[in-house]
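Chemist:
2 protein chains.
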Amino acid sequence: MTQAIQNKTGFYLEDLSVGQKFTSDHFQMTEERIKRFAAEFDPQPFHLDESAAKASVFGGLAASGWHTAAVAMRLLVDGGLPLGNGIIGLGGDLAWPKPTRPGDTLHVESEILEIVPSRSKPNQAIVKVRSTTLNQHDAPVHSFTSKCLVFKRP
Amino acid sequence: MTQAIQNKTGFYLEDLSVGQKFTSDHFQMTEERIKRFAAEFDPQPFHLDESAAKASVFGGLAASGWHTAAVAMRLLVDGGLPLGNGIIGLGGDLAWPKPTRPGDTLHVESEILEIVPSRSKPNQAIVKVRSTTLNQHDAPVHSFTSKCLVFKRP
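These protein sequence lines map, in sequence, to chains A and R. In terms of this note's numbering, the first sequence opens at residue 35 and continues consecutively. In terms of this note's numbering, the second sequence opens at residue 35 and continues consecutively.
1. Expressed to the nearest angstrom, what Euclidean distance is found between the alpha-carbon atoms of alanine 73 of chain A and arginine 67 of chain A?
2. For alanine 173 of chain R, which of helix, strand or coil comes out of DSSP?
3. Select from R:Cys182, R:Gly118, R:Ala173 the residue whose C-alpha is nearest the C-alpha of proline 151 of chain R.
4. Along the segment 65-79 of chain R, what residues have a CB closer than 9 Å to any CB found in chain A?
5. What ranges does the beta strand (DSSP E) occupy inside the segment 42-87 of chain A, keeping only unbroken runs of at least 3 residues that lie completely in it?
6. Taking all protein chains shown into account, do 16 or more other C-beta atoms lie within 10 angstroms of the C-beta of serine 177 of chain R, making it buried, or fewer, making it exposed?
7. For leucine 82 of chain R, I'd like the list of residues in its chain whose CB is within less than 7 Å of its CB, leaving aside the five on either flank, ordered along the chain.
8. Assuming serine 58 of chain A and leucine 110 of chain A make a contact with CB atoms under 8 Å, what is their CB distance in whole Å?
9. Which stretch, first to last residue, makes up the beta strand (DSSP E) that contains glycine 99 of chain R?
10. What in chain R is Cβ-close to arginine 108 of chain A, meaning under 8 Å?
11. Where do the N-terminal and C-terminal ends of the beta strand (DSSP E) with glycine 123 of chain A fall, by residue?
12. Over the uninterrupted beta strand (DSSP E) stretch that includes alanine 89 of chain A, give me the two end residues.
13. Compile a chain-ordered list of the residues in the segment 119-152 of chain R whose CB is closer than 9 Å to at least one CB of chain A.
14. Just to confirm, is the Cβ distance from threonine 179 of chain R to glycine 126 of chain R under 8 Å?
15. Quick check: what's the CA-CA separation for valine 105 of chain R versus threonine 134 of chain R?
16. Measuring straight from C-alpha to C-alpha, what distance separates lysine 186 of chain R and glutamate 48 of chain R?
17. In chain R, what lies closer than 7 Å to leucine 115 of chain A by C-beta?
18. Alpha carbon to alpha carbon, how far is arginine 164 of chain A from phenylalanine 75 of chain R?
19. Please classify serine 98 of chain A as buried or exposed, where buried requires at least 16 neighbouring CB atoms within 10 angstroms.
20. Measuring only the C-alpha atoms, how far is alanine 86 of chain A from alanine 173 of chain A?
21. For valine 105 of chain R, which residues in chain A fall below 8 Å Cβ to Cβ?
22. Looking only at its chain, what residues have a beta carbon closer than 6 Å to the beta carbon of lysine 162 of chain A, apart from the 5 residues adjacent to it on each side?
Below you can see the structure in the form of structure tokens.
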């Protein structure tokens, strides 16, 4: 089993291989952060108010899925996916299998699934990466299998 | 051609049909908003600094894709996708065909693609919705084809 790479920087296309794994630092979701993000971007009762959330399908306060996705991105940028040219995502497949709750501690585990070199631009490739955000019980709360634009070392 | 529905509220499962279209209000992305979101969730040079962004593949300052996605969610919650029980997404397919730029005015157009009633829970269904975020030139900057949990009128 491959050891996951943690908090390195400066991986370019020639440093990547299918099956490579990366692990991020940890981030704590707080009730204050959940409500602040929701107030700006996703002001629905189950993200803002405990009693409304209890009566909802979530059964309690839950972070906006977009908040969890944004926190996952921050963990990737801070060393969780150490691409030398930055993380440039074109899109992908996103899922929220469980809600993120106040107090949850999140981290992201990523794996390189596929590397497709560009036919016209020899210095770049589309790299498919699956990033799974896990809570402190190692339960996935978010996953994103994305196509990233990755360059060779300049 | 179906007229898109704008800023209505309280659509439940029995009000939805395949092919139905909804249109959101508009939202202006500013440089200040782009940099503030990026500083918190996606602190990469091309989202934070004009000269770094000019030298990057973006060719100029670009919003984090997660910022565009979060703004799209706000537009949907504010009447762009008027579901009576709220917008509860399970996941889906996301793309960023073009960057969002400072000064862009965004709105979201949504279409109901599929309605799959639950076998075990007669009061709910999974509704597949494609939401496309467009800029002031009607160019798509973000799309999300999501599976939403939708309930019958209580």
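Don't be surprised by glycine CBs; every beta carbon is placed ideally from N, CA and C.
Modeler: From the atom records:
1. Going from the Cα of alanine 73 of chain A to the Cα of arginine 67 of chain A covers about 10 Å.
2. In the structure shown, the three-state DSSP call for alanine 173 of chain R is coil.
3. The shortest Cα separation from proline 151 of chain R among R:Cys182, R:Gly118, R:Ala173 belongs to R:Cys182.
4. Taking 9 Å as the upper bound on Cβ-Cβ separation, chain A lies near residues Phe71, Glu74, Phe75, Asp76, Pro77, Gln78, Pro79 of the segment 65-79 of chain R.
5. Note on the segment 42-87 of chain A: whole beta strand (DSSP E) runs with a minimum of 3 residues are 55-62, in chain order.
6. It is buried - the Cβ of serine 177 of chain R has at least 16 other Cβ atoms within 10 Å.
7. Take leucine 82 of chain R, set aside five residues on each side of it, and the residues of its chain with a beta-carbon closer than 7 Å to its own are Lys69, Ala72, Ala73, in chain order.
8. Going by Cβ atoms, the distance from serine 58 of chain A to leucine 110 of chain A rounds to 6 Å, so yes, they are a contact pair.
9. Segment 99-109 is the alpha helix (DSSP H) holding glycine 99 of chain R; no beta strand (DSSP E) there.
10. Result: Glu74, Phe75, Asp76, Pro77.
11. In the DSSP assignment, glycine 123 of chain A falls within the beta strand (DSSP E) that extends over 123-129.
12. Unbroken run through alanine 89 of chain A: none, as it is neither H nor E.
13. For the segment 119-152 of chain R, the residues whose beta carbon sits under 9 Å from a beta carbon of chain A are, in order, Asn119, Gly120, Ile121, Ile122, Gly123, Leu124, Gly125, Gly126, Asp127, Leu128, Ala129, Trp130, Pro131.
14. The answer is yes: Cβ separation under 8 Å.
15. For valine 105 of chain R and threonine 134 of chain R, the distance between alpha carbons rounds to 11 Å.
16. For lysine 186 of chain R and glutamate 48 of chain R, the distance between alpha carbons rounds to 6 Å.
17. Chain R residues near leucine 115 of chain A: none, gap ~11 Å exceeds 7 Å.
18. Looking at the two C-alpha atoms, the distance is approximately 19 Å.
19. Counting Cβ neighbours within 10 Å, serine 98 of chain A comes out buried, since at least 16 surround it.
20. Those two C-alpha atoms are separated by around 25 Å.
21. Here the neighbours are Phe75.
22. By the criterion of a C-beta distance shorter than 6 Å, lysine 162 of chain A is surrounded in its chain by Leu147, Glu148, Lys181, once the five residues flanking it on both sides are discounted.
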